Amino acid sequence: MSKNIGKIAQIIGPVVDVKFDSSNGSLPNIYDALEITKENGNKVILECQQHIGEDTVRAISMDSTDGLSRGNEVLATGSPILMPIGEEIKGRLFNVVGDAIDGIGALSKEGGYPIHREAPKFEDLSTSSEVLFTGIKVIDLVEPYSKGGKIGLFGGAGVGKTVLIMELINNIAKGHDGISVFAGVGERTREGNDLLREMIESGVIKYGKEFEEDMEKGGWDLSKVDSKEMINSQATLVFGQMNESPGARARVALSGLTLAEYYRDGEGDGAGRDILFFIDNIFRFTQAGSEVSALLGRMPSAVGYQPTLATEMGAMQERITSTKTDLLHLYRQFMYLPMTLPTLLRRQLSPTWMQQRYCLVKLQN
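Positions in the sequence shown are counted from 1; adding 568 to them yields this note's numbering.
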């Protein structure tokens, strides 16, 4: 089968128009991955978003478009972005396109899962209600979590969100033999680095005794990582950092969700596991979607968000669900509140402001 190769016709920031020769094959499908190889050998992945003509598609880059130029060849892969699967993904760090970014080595994506998938069928969904015992007494007593549910955590800086995360991941791993998947959407590099170190120190991610001893001395020699021991890790991390393109930040939550679905469902053999899935930060997911939508020329809604926000959010949330065989529990689904909203709520509930409002209405009458 001949390769379907096009050429870059236009570049506007992360938006790339690619023209294909209609005589050589059909246009890539929507959400298909396109691949560009730079002169230095590095690859840039695009995702097809629109068909803007008989032979031209508009795509969003998952990486910086620096160094690209009109006329560069673009390969249509024929499939969406794929995430690697298998026991080897335990303890690993991935980016939005499924490439390992921990410096330990690349993994094959053969037989991988596409990041755009259908939600489970209604008949496969779990309808039972059961308490998830986290091992944290104040949570289990005051605000118990439901298995397979979704929990939002709101809090300022330095109040203990990360400590709570680590305790939850550790308890789920040891008490329930569960797996945790963390999707960092627009995360700071420092926070991701701290999270990885804490997971290694707590034993959730296992790099081996030799590496841990070297880390205690201030080293970070990845050649000392024990790959056999890493398979016993009980967490996988996926990051799309805040300095990356809006395309990466808009898709990294789906990349993390795809890995969580793999753990939940297994390889179709019913050997799935209970999953604790973290998204930090869900608001940055909507922000990135807004950026992408504006770059694609879509008319924004009244408050500036993309007109497809409800559809995109709904499609992702429908996939985050538990089946009759295994659970997928979403925790720490952060939402950023703009400064004006809490201020408005405080004013609405303020007795002084209510009295002023009453007097104003009375004077007007």
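All residues carry an ideal CB built from backbone N, CA and C; glycine is no exception. This one's a predicted model, so the numbers in the text were calculated from it and none came from an experiment.
Beta strand (DSSP E) runs wholly inside the segment 733-759, at least 3 long, in chain order: Within the segment 733-759, the beta strand (DSSP E) runs of at least 3 residues that lie entirely inside it are, in chain order, 747-755.
DSSP bridge partner residues for SER714 (one or two, in chain order): Answer is VAL699.
Residue range of the beta strand (DSSP E) that includes ALA627: Per DSSP, ALA627 is one residue of the beta strand (DSSP E) stretching across 624-629.
Buried or exposed (CB count within 10 angstroms, at least 16 for buried), PHE722: The residue in question, PHE722, is exposed, as its Cβ has fewer than 16 Cβ neighbours within 10 Å.
Reduced DSSP category for ALA870 - H, G, I as helix; E, B as strand; rest coil: Here ALA870 sits in coil by DSSP.
Between the CA atoms of GLU655 and PRO919 - distance to the nearest angstrom: Here PRO919 scores only 46 on pLDDT, less than 50, and its place in the model is too uncertain to base an answer on.
Three CB pairs or more closer than 8 Å across the segment 701-715 and the segment 673-683: Two segments are said to touch when three or more pairs of C-beta atoms, one from each, lie closer than 8 Å; by this definition the segment 701-715 does not touch the segment 673-683.
Range covered by the beta strand (DSSP E) that runs through ASP782: Looking at the DSSP string, ASP782 is not in any beta strand (DSSP E); the run it does join, the alpha helix (DSSP H), is 777-784.
Nearest to PRO648 (by Cα), restricted to the options ILE672, VAL642, ASP600, ALA862: PRO648 has its Cα closest to that of ASP600, out of ILE672, VAL642, ASP600, ALA862.
First through last residue of the beta strand (DSSP E) which encompasses VAL806: Residue range 803-809 is occupied by the beta strand (DSSP E) that includes VAL806.
Assigned exposure category for LYS774 - 16 Cβ within 10 Å defines buried: Per the 10 Å Cβ criterion, buried.
Under 8 Å between C-beta atoms of LEU877 and THR854: Yes. Within cutoff.
Distance between GLY666 and LEU912 (C-alpha atoms, nearest Å): Only weak support is given to the placement of LEU912: the predicted model assigns it a pLDDT of 40, under 50, and the value that follows is read from those uncertain coordinates. Answer to the nearest angstrom: the Cα atoms are 42 Å apart.
CB contact flag (ALA862, PHE845, <8 Å): Here ALA862 is not near PHE845, since their CB atoms are 8 Å or more apart.
One or two residues paired with LEU661 in a DSSP bridge: DSSP links LEU661 through a beta bridge to LEU805.
Cβ contact (3+ pairs, closer than 8 Å) linking the segment 814-821 and the segment 786-793: As far as the Cβ criterion goes, the segment 814-821 does not touch the segment 786-793, which means the pair count is below three.
Alpha-carbon to alpha-carbon, ASN640 and THR606: Sequence check: residue 606 is Lys here, not Thr. The alpha-carbon atoms of LYS606 and ASN640 are separated by roughly 8 Å.
Beta-bridge partners of ILE579, as assigned by DSSP: Residue pairing of ILE579 in beta bridges, as defined by DSSP: VAL584.
Contact check, LEU700 vs LEU805, beta carbons under 8 Å: Against a cut-off of 8 Å, the Cβ pair of LEU805 and LEU700 comes out as no contact.
CB of THR889 within 8 Å of CB of LEU693, strictly: Yes, they are a contact pair.
Residues bridged to ALA644 [DSSP beta-bridge criterion]: ALA644 is bridged by DSSP to LEU602.
Reduced DSSP secondary structure (H/G/I, E/B, other) of LYS705: Helix at LYS705.
Nearest-angstrom beta carbon gap, ILE576 and VAL586 [assumed within contact, 8 Å]: Taking C-beta atoms under 8 Å as the contact rule, VAL586 and ILE576 qualify, at a distance of about 6 Å.
The beta strand (DSSP E) enclosing ASP833, as first and last residue numbers: Judged by DSSP secondary structure, ASP833 falls outside any beta strand (DSSP E) and instead within the alpha helix (DSSP H) spanning 814-833.
Given GLY720 as reference, the closest of ASN849, THR879, LEU764, ILE628 once Cα atoms are compared: The residue with the shortest Cα to Cα distance from GLY720 is ASN849.
Under 8 Å between C-beta atoms of GLU797 and GLY776: Yes, Cβ-Cβ distance for GLU797 and GLY776 is below 8 Å.
Assigned exposure category for LEU595 - 16 Cβ within 10 Å defines buried: The residue is buried, with at least 16 neighbouring Cβ atoms inside 10 Å.
Any non-hydrogen atom of the ligand GDP within 7 Å of GLU755 CB: Within the structure as shown, the ligand GDP is missing, as the structure has no ligands at all.
Euclidean distance between Cα positions of ILE740 and MET783: MET783 has its alpha-carbon roughly 25 Å from the corresponding atom of ILE740.
Nearest neighbour of VAL664, chosen from LEU675, MET651, SER676, ILE847 [CA to CA]: The residue from LEU675, MET651, SER676, ILE847 with its alpha-carbon nearest to that of VAL664 is MET651.
Neighbourhood of PRO868 by C-beta, 8 Å cutoff - its chain only, sequence neighbours within 5 removed: Excluding positions up to five away in sequence, the list reads SER858, SER861, ALA862, GLN874, PRO875.
Anticipated Cβ contact below 8 Å, ILE620 with LYS611, distance rounded: That belief does not hold up - the Cβ atoms of ILE620 and LYS611 are roughly 24 Å apart, past 8 Å.
Selected residue, minimal CA-CA separation from ILE843, among ALA668, ARG866, THR891: Ranking ALA668, ARG866, THR891 by Cα distance to ILE843 puts THR891 first.
CA-to-CA distance, MET767 to GLN578, given in whole angstroms: Cα-Cα distance, rounded: 43 Å.
Reduced DSSP secondary structure (H/G/I, E/B, other) of ASP692: DSSP places ASP692 in helix when its eight states are reduced to three.
For GLY762, the three-state DSSP class (helix, strand or coil): The residue you asked about is not Gly; residue 762 is Asp in the sequence shown. If DSSP states are grouped into helix, strand and coil, ASP762 belongs with the helices.
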